[in-house]
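As given, the protein sequences belong to chains A and B, one line each in that order. To convert, note that position 108 of the first sequence is 115 in the working numbering; the numbers rise steadily by one, no gaps. To convert, note that position 90 of the second sequence is 340 in the working numbering; the numbers rise steadily by one, no gaps.
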Amino acid sequence: GAGVSQSPSNKVTEKGKDVELRCDPISGHTALYWYRQSLGQGLEFLIYFQGNSAPDKSGLPSDRFSAERTGGSVSTLTIQRTQQEDSAVYLCASSLASALHQPQHFGDGTRLSIL
Amino acid sequence: RKEVEQDPGPFNVPEGATVAFNCTYSNSASQSFFWYRQDCRKEPKLLMSVYSSGNEDGRFTAQLNRASQYISLLIRDSKLSDSATYLCVVSPYSSASKIIFGSGTRLSIRP
């Protein structure tokens with residue numbers, strides 16, 4: 008498909024488990040973003056990649072969160088030792104280049120529920 | 251003060267009405283501005299970019315006021331399908347990395 012693809016679309020797991028979320032950006036988009044959105048809330052910026060490097064990790068809420076991107080394409084967001092407050096929709100977006108003047112295209116998100 | 255602030259609403263207006271809402275931003279160096287639309291339990295989608303001179307796309311008009319540091323979105327002849335949350339998005343010039351999303355303004359159009 009031509010859009011941003013995220014998997015899984017839904018994930019239910021027990022507190023304390025690790026989870027890995029995947030994002031496949033639009034082909035040719037060098038910038039990739041991770042956000043999370045809690046129910047009824049706005050988007051919370053987590054991390055941004057330009058190519059494979061992450062110049063801005065300021066949004067990661069704790070050291071349990073990490074992300075990587077390989078080959079300038081697919082990115083994975085890993086949450087270790089999940090907590091109930093991690094429950095949210097995790098959205099990935101990509102854009103052609105840096106954020107300046109370039110709109111972002113979003114995936115459908117991964118709905119994460121921690122029991 | 252939040253970097254990007256929006257009135258959360260909800261704005262509840264009748265079909266056919268004109269509605270407008272603003273978004274204020276704190277970083278005077280911001281250079282890129284967008285309005286996104288998000289339907290309930292869906293991902294955000296770009297509605298329109300906001301240009302310095304203001305721009306129009308059909309029933310939608312976006313304006314930028316740099317002096318007062320806000321952008322606005324005006325919707326004319328509102329339709330039921332316009333019901334959504336409208337997110338203001340600001341990109342700081344000094345950092346190409348971080349795009350700031352407002353928490354959104356909920357709009358509900360009633361028949």
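Ideal placement from N, C-alpha and C gives every residue a C-beta, glycine not left out.
Inter-residue Cα distance where the pair is residue i and residue j
i: B/Ser299; j: B/Tyr286; result: 9 Å
i: B/Phe355; j: B/Asn315; result: Residue identity differs from the one stated: residue 355 of chain B is Thr in this sequence, not Phe. Distance between the alpha carbons of B/Thr355 and B/Asn315 is about 19 Å.
i: A/Leu50; j: B/Ser353; result: 7 Å
i: B/Val254; j: A/Ser65; result: 17 Å
i: A/Ser94; j: A/Thr85; result: 13 Å
i: B/Asn262; j: A/Asp25; result: 42 Å
i: A/Leu28; j: B/Asp327; result: 41 Å
i: B/Ile321; j: B/Val269; result: 14 Å
i: A/Gly35; j: A/Gln111; result: 13 Å
i: A/Val96; j: B/Phe351; result: 15 Å
i: A/Leu53; j: B/Thr311; result: 31 Å
i: A/Thr83; j: A/Cys30; result: 6 Å
i: A/Ala61; j: A/Gly79; result: 11 Å
i: A/Ile121; j: B/Phe271; result: 36 Å
Cross-chain neighbours of residue i in chain A, by beta carbon under 7 Å
i: B/Glu306; result: Chain A residues near B/Glu306: none, gap ~17 Å exceeds 7 Å.
i: B/Cys354; result: In the sequence as displayed, the identity of residue 354 of chain B is Gly instead of Cys. Near B/Gly354 (Cβ distances below 7 Å), the residues of chain A are Gly49.
i: B/Phe351; result: Gly49, Leu50
Beta-ladder partner(s) of residue i, from DSSP
i: B/Asn220; result: Absent from the model: residue 220 of chain B. The displayed extent of chain B is 251 to 361, so no value can be given.
i: A/Val11; result: Answer by DSSP bridge pairing: none, since A/Val11 is not bridged.
i: B/Asp307; result: B/Phe310
i: B/Gln288; result: B/Thr335
i: B/Pro342; result: B/Ser280
i: B/Gln256; result: B/Cys273
i: A/Pro110; result: Answer by DSSP bridge pairing: none, since A/Pro110 is not bridged.
i: A/Glu27; result: A/Thr85
i: B/Arg316; result: Its beta-bridge partners do not exist; DSSP assigns none.
9 Å Cβ cut-off: residues of chain A touching residue i
i: B/Leu357; result: Within 9 Å Cβ-Cβ: nothing; B/Leu357 doesn't reach chain A, min ~15 Å.
Listed by chain order, chain B residues near residue i by CB distance under 7 Å
i: A/Asp25; result: Ordered by position in chain B, no residue passes the 7 Å Cβ test against A/Asp25, which lies about 25 Å from the chain.
i: A/Gly116; result: Glu293
i: A/Pro110; result: Phe284, Leu296, Ser299
8 Å Cβ cut-off: residues of chain B touching residue i
i: A/Phe113; result: Glu293, Pro294, Lys295
Listed by chain order, chain B residues near residue i by CB distance under 9 Å
i: A/Pro68; result: None at all; the shortest Cβ gap to chain B is about 15 Å.
Closer than 8 Å to chain C by CB, residue i
i: B/Gly304; result: Of the protein chains in the structure, A and B, none is chain C.
_Positions along the segment 83-102 of chain A whose CB lies within less than 7 Å of some CB in chain B_ = Leu98
*Listed from N- to C-terminal order along the chain, which residues in the segment 280-295 of chain B have their beta-carbon within a distance smaller than 9 Å of any beta-carbon of chain A?*
Within the segment 280-295 of chain B, the residues whose Cβ lies closer than 9 Å to some Cβ of chain A are Gln281, Ser282, Phe284, Tyr286, Gln288, Arg291, Lys292, Glu293, Pro294, Lys295, listed in chain order.
*asked:* In chain order, what are the residue ranges of uninterrupted beta strand (DSSP E) at least 3 long that sit wholly in the segment 31-103 of chain A?
replied: Segments of the beta strand (DSSP E) lying fully in the segment 31-103 of chain A: 38-44, 50-57, 60-63, 72-76, 82-86, 95-102.
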